[in-house]
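In my numbering, each number is its position in the sequence shown, counted from 1, plus 7.
Backbone N, C-alpha and C fix where the C-beta goes; we use that ideal spot for every residue, glycine too.
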Amino acid sequence: MIHADAIPFTPVKESRLSQVDMQHLEFGKYISDHMYYAHYDHGKWSDIAIRPFADLSLSPSILGLHYGQTVFEGMKAFRRPDGQITIFRMDKHYQRFLASLDRMCMPPVPEDLFYDGMSRLISIDAAWVPEADGSSLYIRPFMFASEARFGVKVAEEYLFIIFTGPVGPYYAKPLRVKVELDYVRAAKGGTGYAKCGGNYGGSYYPTQKAKEEGFDQVIWTDGRAHEFIEESGTMNLMFVIDGKVVTPPTSDSILDGVTRDSILTIAADLGYDAEVRPLSIEELENALKAGRLQEAFGAGTAAVVAPIAVINVHGHDYELPAWDDNAFMMKAKQKLTRMRMGFEPDVHDWNTIISPM
Ligand SMILES: Cc1ncc(COP(=O)(O)O)c(C=O)c1O
Numbered sequence: 008m009i010h011a012d013a014i015p016f017t018p019v020k021e022s023r024l025s026q027v028d029m030q031h032l033e034f035g036k037y038i039s040d041h042m043y044y045a046h047y048d049h050g051k052w053s054d055i056a057i058r059p060f061a062d063l064s065l066s067p068s069i070l071g072l073h074y075g076q077t078v079f080e081g082m083k084a085f086r087r088p089d090g091q092i093t094i095f096r097m098d099k100h101y102q103r104f105l106a107s108l109d110r111m112c113m114p115p116v117p118e119d120l121f122y123d124g125m126s127r128l129i130s131i132d133a134a135w136v137p138e139a140d141g142s143s144l145y146i147r148p149f150m151f152a153s154e155a156r157f158g159v160k161v162a163e164e165y166l167f168i169i170f171t172g173p174v175g176p177y178y179a180k181p182l183r184v185k186v187e188l189d190y191v192r193a194a195k196g197g198t199g200y201a202k203c204g205g206n207y208g209g210s211y212y213p214t215q216k217a218k219e220e221g222f223d224q225v226i227w228t229d230g231r232a233h234e235f236i237e238e239s240g241t242m243n244l245m246f247v248i249d250g251k252v253v254t255p256p257t258s259d260s261i262l263d264g265v266t267r268d269s270i271l272t273i274a275a276d277l278g279y280d281a282e283v284r285p286l287s288i289e290e291l292e293n294a295l296k297a298g299r300l301q302e303a304f305g306a307g308t309a310a311v312v313a314p315i316a317v318i319n320v321h322g323h324d325y326e327l328p329a330w331d332d333n334a335f336m337m338k339a340k341q342k343l344t345r346m347r348m349g350f351e352p353d354v355h356d357w358n359t360i361i362s363p364m
């Protein structure tokens, strides 16, 4: 049992915070002063500590680098106008982390190690949680096989680390996306539902090809017959068809997105009908042709909501109608922001409040 206050803590000699322009944060550029670190070896956790963020010294032979036992999460903490700091949906991220670890034959990270380590790290680096509207502290928990040897095998040693970094509002321009009919991101029975490194590495090639054709992202379709819509890049996909919110069910080839789940809950709060059901490319194309598809957007931690302006199906670009603040995606995004920032009651118990050190 680890208690947050008992985690050994070595502070940085000099904070790097003064080097950061908190008003102009670029996603992924800045990393906060400290990291949480834990070592696993043959069933035992040790070296648990919060220490200055720094390079690691590792053997080039560690198994994670070669055979891909790497798993991560992406979550966010927010600073409310009253100064309080909250972490969004810790439980759901933790459960997904466990599911990913299990799929990759990696040991579970105990609950207290995850929760207490993250809470303490963020309370220590509380000054790194930005205040500006729309900005947040991105939290990256991850684990990888650190056993040094070669030969394909399940590792016996791992490192679990959490670091964080301030990120600004994500002003993504409306996306041009292409329904992918040749390449596959994940197959039935594969690792698509796990947040493991290989899923991302494997998706770069088709995504690069789509970028060369002028698209921002691909819409992945099922690996068996390219018949049904799955997800996109680092986002789940949601649509509004005939006034109803439609999104594919999660499966072993789709990541169970926390934003998707939150937006489905908010759709019910806002009185929208939501249908979680398979959506075929044929239905999508027919709805686009008939002007029945009112909205399409990606849902994910980084962008929250990323509106889609153009969908290419079978080589044809379909333009989506213009939207305003009354669009479902904009209302859902606003409500989610208000719930996180404490402007609306936390009726779904999504926010964990952190006390600064
Ligand atoms: C492949 C993939 N799908 C969907 C998502 C959206 O999930 P979440 O809303 O939990 O960030 C992500 C981002 O984490 C992702 O990497």
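If you follow the beta strand (DSSP E) that residue i is in, where does it begin and where does it stop?
i       : result
Ile-360 : 358-361
Met-42  : 41-48
Ile-146 : 143-152
Quick test of your reading: residue i and residue j, contact by CB under 8 Å. State the CB separation rounded to the nearest angstrom.
i       : j       : result
Ile-288 : Thr-228 : 6 Å
Lys-180 : Val-225 : The Cβ separation is near 17 Å, so there is no contact.
Phe-60  : Ile-38  : 6 Å
Ser-313 : Leu-182 : It is Ala, not Ser, that sits at residue 313 in the sequence shown. That belief holds up - the Cβ atoms of Ala-313 and Leu-182 are roughly 6 Å apart, short of 8 Å.
Leu-41  : Arg-23  : Going by the sequence as given, residue 41 is His instead of Leu. The Cβ separation is near 11 Å, so there is no contact.
Ala-201 : Met-125 : At roughly 20 Å, the Cβ-Cβ gap does not stay under 8 Å, so Ala-201 and Met-125 are not in contact.
Asp-92  : Ala-134 : Note on identity: in this sequence residue 92 is Ile, with Asp being the wrong assignment. Going by Cβ atoms, the distance from Ile-92 to Ala-134 rounds to 10 Å, so no, they are not a contact pair.
Taking the alpha helix (DSSP H) that residue i falls in, what are its first and last residues?
i       : result
Pro-255 : Looking at the DSSP string, Pro-255 is not in any alpha helix (DSSP H), and its letter there is neither H nor E.
Phe-104 : 97-110
Asn-293 : 288-296
Met-2   : In this structure the chain extends from 8 to 364, so residue 2 is not present and cannot be described.
Could you tell me which residues DSSP puts in a beta bridge with residue i?
i       : result
Val-225 : Lys-185
Asn-243 : Glu-238, Ala-306
Trp-330 : According to DSSP, which records beta bridges pairwise, Trp-330 is partnered with nothing at all.
Ala-56  : Tyr-44
Rounding to the nearest angstrom, what Cα-Cα distance links residue i and residue j in this structure?
i       : j       : result
Ile-261 : Thr-254 : 11 Å
Ala-193 : Lys-216 : 18 Å
Met-97  : Met-245 : 23 Å
Asp-268 : Leu-343 : 11 Å
Asp-263 : Thr-257 : 6 Å
Gln-301 : Gly-50  : 52 Å
Arg-298 : Phe-350 : In the sequence as displayed, the identity of residue 298 is Gly instead of Arg. Cα to Cα, the separation comes out at about 36 Å.
Pro-173 : Arg-86  : 11 Å
Tyr-145 : Phe-335 : 25 Å
Ala-84  : Asp-119 : 18 Å
Gly-35  : Ala-309 : 10 Å
Asp-332 : Lys-218 : 29 Å
Phe-151 : Glu-326 : 42 Å
Glu-220 : Asp-189 : 14 Å
Glu-237 : Lys-251 : 18 Å
Trp-330 : Tyr-44  : 45 Å
Thr-241 : His-100 : 15 Å
His-233 : Cys-203 : 23 Å
Exercise. Within the chosen definition, does the stretch 303-317 reach the stretch 351-364 through at least 3 CB pairs nearer than 8 Å?
Worked result: no
Exercise. Would you call the stretch 255-274 and the stretch 132-147 touching, i.e. three or more CB-CB distances under 8 Å?
Worked result: no
Problem set entry | At least 3 beta-carbon pairs within less than 8 Å: the stretch 157-166 vs the stretch 70-86 | yes
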